[in-house]
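A.B. asks: By this note's numbering, the letter at position 16 of the sequence shown is numbered 37, and the numbering carries on one by one without gaps.
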Amino acid sequence: LIDKHQQHLAKLRTKALQMRDAVAYEESCAKLLPLK
């Protein structure tokens, strides 16, 4: 049970990191190529 919980947390953490990277990437792109 603990193992599954740890795996779940690890997946959430990985997903959160990927989302943060994606946001940072889009922000840097927005700075380079202003949409407005």
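The beta carbon of each residue, even a glycine, is placed where N, CA and C say it ideally should be.
What separation, rounded to the nearest whole angstrom, lies between the Cα atoms of PRO55 and TYR46?
C.D. replies: Within the sequence shown, residue 55 is the residue found at index 34, counting from 1. Within the sequence shown, residue 46 is the residue found at index 25, counting from 1. Near 14 angstroms, if we compare the C-alpha coordinates of TYR46 and PRO55.
A.B. asks: Starting from LEU53, trace the alpha helix (DSSP H) in both directions and tell me its first and last residue.
C.D. replies: Sequence index remark: in the sequence shown, residue 53 carries index 32 (1-based). 23 to 53 is the extent of the alpha helix (DSSP H) around LEU53.
A.B. asks: So, for ASP24: in the same chain, excluding its five sequence neighbours on each side, which residues have a beta-carbon less than 8 angstroms away from its beta-carbon?
C.D. replies: Reading the sequence shown from its first residue, position 3 is the one you call residue 24. No residues qualify anywhere along the chain.
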